[in-house]
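The numbering used here numbers the first residue of the sequence shown as 363 and each following residue consecutively.
C-beta: ideal position from N, C-alpha, C; glycine also.
Please read these numbers as outputs of a predicted model, since none were measured by experiment.
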Amino acid sequence: MTKESPINQSLLVVDNLHIAVEGKEILKGLNLTVKAGEVHVLMGPNGSGKSTLSFCLMGHPKYQVTAGRVLYKGEDLLSLAPNERAKRGVFLAFQYPTAIPGVTIANFLRAALRGVRGADVPVKEFRQVVKTQLKSLGIPDAFMNRYVNDGFSGGEKKRIEILQMAVLNPSLAVLDETDSGLDIDALKTVAEGINAQRAPERGILLITHYQRMLNYIKPDVVHVMVDGRIVRSGGPELALALEAKGYEGFRPTEPGHLPEAGGRGSAVAVGEGRGNSVRSSS
Ligand code: ADP
Ligand code: MG
Numbered sequence: 363m364t365k366e367s368p369i370n371q372s373l374l375v376v377d378n379l380h381i382a383v384e385g386k387e388i389l390k391g392l393n394l395t396v397k398a399g400e401v402h403v404l405m406g407p408n409g410s411g412k413s414t415l416s417f418c419l420m421g422h423p424k425y426q427v428t429a430g431r432v433l434y435k436g437e438d439l440l441s442l443a444p445n446e447r448a449k450r451g452v453f454l455a456f457q458y459p460t461a462i463p464g465v466t467i468a469n470f471l472r473a474a475l476r477g478v479r480g481a482d483v484p485v486k487e488f489r490q491v492v493k494t495q496l497k498s499l500g501i502p503d504a505f506m507n508r509y510v511n512d513g514f515s516g517g518e519k520k521r522i523e524i525l526q527m528a529v530l531n532p533s534l535a536v537l538d539e540t541d542s543g544l545d546i547d548a549l550k551t552v553a554e555g556i557n558a559q560r561a562p563e564r565g566i567l568l569i570t571h572y573q574r575m576l577n578y579i580k581p582d583v584v585h586v587m588v589d590g591r592i593v594r595s596g597g598p599e600l601a602l603a604l605e606a607k608g609y610e611g612f613r614p615t616e617p618g619h620l621p622e623a624g625g626r627g628s629a630v631a632v633g634e635g636r637g638n639s640v641r642s643s644s
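Next up, the structure:
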């Protein structure tokens, strides 16, 4: 690490991360730094490795780290078991949430909260926390007695992911395509739920395909990911350039050379080197 390394102030530092799945390299040297209070958006074509990054951050055993490191609050995140990561405040909203027939949302949330706190949560307190969040996310109270994601619509699943985030109160929230499959009203509600979670001590990494999410959420940094690497980082205008031109203009044409985004403003080209080459433009 260099002298100006933001390692101490940063919530999350992903440094030259290489990940393989079943022998195939998916992430090929990813660098990303998220500071507390920031919202970062990660965009990229299907198969570029966005979900791979999110699973790796949460500790999915299938994703092998072959090089690089991840520091979370200055600590080696990759050496921690998934439940230890959750206890320290790391949260992942899944792109494809799993159904758990037989487990009600109420029991699931209470167990999850107990798990991250390491102590029981008084019923009264739990009810109070959940009630407030249900209301703001437009989720009927009756959902608490339904089985987790069992028979839920796409939009309902995504709201439940945000409900979990709101109840668990993480320091780092990774939201993997929480906006996909939502109609315009659900999108607005979910975006408002995410905005309500913005806080000076919290970092949010929002993975999305759609610029439309940015009509509601104003990120600090937008990253474009192609083929296992972040190829460009900049402000919200970068998402607009993507919308206009697609990802083609962002594909490296030859090793070590990145094409111009064609966008205005503060887009920052990201080098291939190690270290914290991704910075906020604000
Ligand atoms: P994105 O979320 O950007 O669409 P993913 O991270 O889901 O991309 O996938 C990146 C690549 O890794 C794809 O080629 C995908 O097929 C592969 N991949 C991801 N997870 C697995 C897995 N569990 N087994 C095999 N291949 C996988
Ligand atoms: Mg994905």
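Give the straight-line distance between the Cα atoms of K397 and V375, rounded to the nearest whole angstrom. Going from the Cα of K397 to the Cα of V375 covers about 9 Å.
What are the partner residues of F453, as DSSP defines its beta bridges? Residue pairing by DSSP places F453 opposite A535 in a beta bridge.
Once you ignore the five residues that flank M575 on each side, which residues in its own chain have a CB closer than 6 Å to its CB? Excluding positions up to five away in sequence, the list reads D541.
By DSSP's criteria, R591 is part of a beta bridge. Which residues make up the other side? DSSP output for R591 lists V588 as bridge partner(s).
Alpha carbons only, please: which of D589, E599, G436, K449 is nearest the one belonging to K580? Ranked by Cα distance from K580, the first of D589, E599, G436, K449 is E599.
If we count Cβ pairs, one from each stretch, closer than 8 Å, do we get three or more for the stretch 482-500 versus the stretch 511-525? They touch, by the three-pair rule.
How about L419 and V452: are their beta carbons less than 8 Å apart? Contact flag set, yes.
Exposed or buried, N312, counting other C-beta atoms within 10 Å across all chains shown (16 or more means buried)? The structure shown has nothing for residue 312, since the chain only spans 363 to 644.
Alpha-carbon to alpha-carbon, G611 and I467: One Cα belongs to I467, the other to G611, and the distance between them is close to 43 Å.
Can you give me the Cβ contacts of F505 inside the same chain, cut-off strictly under 7 Å, excluding the 5 residues immediately before and after it? Result list for F505: I467, in chain order.
Quick one: using the 10 Å Cβ neighbour count with 16 as the cut-off for buried, is N511 buried or exposed? Counting of Cβ neighbours within 10 angstroms places N511 among the buried residues, the total reaching 16 or more.
Since A461 is in the beta strand (DSSP E), which residue starts that stretch and which ends it? Following the DSSP letters along the chain, one finds A461 in no beta strand (DSSP E), marked with neither H nor E.
What does the alpha-carbon distance come out to for the pair K435 and A473? Computed Cα separation, rounded: 25 Å.
Helix, strand or coil: which one does DSSP assign to S372? Assigned with DSSP and collapsed to three states, S372 falls in strand.
Pull up the DSSP beta-bridge partners for E387, would you. A382.
Just verifying my parser: in three-state terms, what is the DSSP assignment at A561? Here A561 sits in coil by DSSP.
Please name the residue, chosen from N408, T460, L442, R479, that lies closest to P423 on a Cα-to-Cα basis. Nearest to P423 by C-alpha distance, out of N408, T460, L442, R479, is L442.
For L499 versus G555, is the C-beta distance shorter than 8 Å? The answer is yes: Cβ separation under 8 Å.
Using a threshold of 8 Å, state whether the C-beta atoms of V432 and H380 are closer than that. Between V432 and H380, the C-beta gap is not smaller than 8 Å, which leaves the two residues out of contact.
In chain order, what are the residues with a CB under 6 Å from some non-hydrogen atom of the ligand ADP? The filter returns V383, E384, I388, G406, N408, G409, S410, G411, K412, S413, T414, K424, in chain order.
For N378, which residues from the same chain have a beta carbon less than 8 Å from its beta carbon, with the 5 sequence-adjacent residues on both sides left out? So the qualifying residues of the chain are G391, L392, N393, A429, G430, R431, R636, G637.
Please name the residue, chosen from E563, V529, V552, that lies closest to V483 on a Cα-to-Cα basis. Per the C-alpha coordinates, the member of E563, V529, V552 positioned closest to V483 is V529.
Close-in-space but distant-in-sequence residues of the same chain around L440 (CB under 6 Å, 5 per side omitted): Hits under 6 Å: V427, V432.
Please state whether DSSP places V396 in a helix, a strand or coil. Of the three classes helix, strand and coil, the one that applies to V396 here is strand, per DSSP.
Just curious, the beta strand (DSSP E) that A429 is in, first and last residue? Residue range 425-434 is occupied by the beta strand (DSSP E) that includes A429.
Are the CB atoms of V588 and S410 nearer to each other than 8 Å? Between V588 and S410, the C-beta spacing is below 8 Å.
Own chain partners of K519 with C-beta closer than 6 Å, once the 5 adjacent residues on each side are dropped: Within the same chain, K519 has close Cβ partners P459, N511.
Under the three-state DSSP convention, the category H402 falls into: Looking at H402 - three-state DSSP - the assignment turns out to be strand.
Quick check on A658: buried or exposed, where buried means 16 or more other Cβ atoms within 10 Å of its Cβ? For residue 658 there is no data in the structure shown, the boundaries of the chain being 363 and 644.
Between the alpha carbons of V536 and N507, how many angstroms are there, rounded? Separation of V536 and N507 (C-alpha to C-alpha, rounded to the nearest whole angstrom) is 26 Å.
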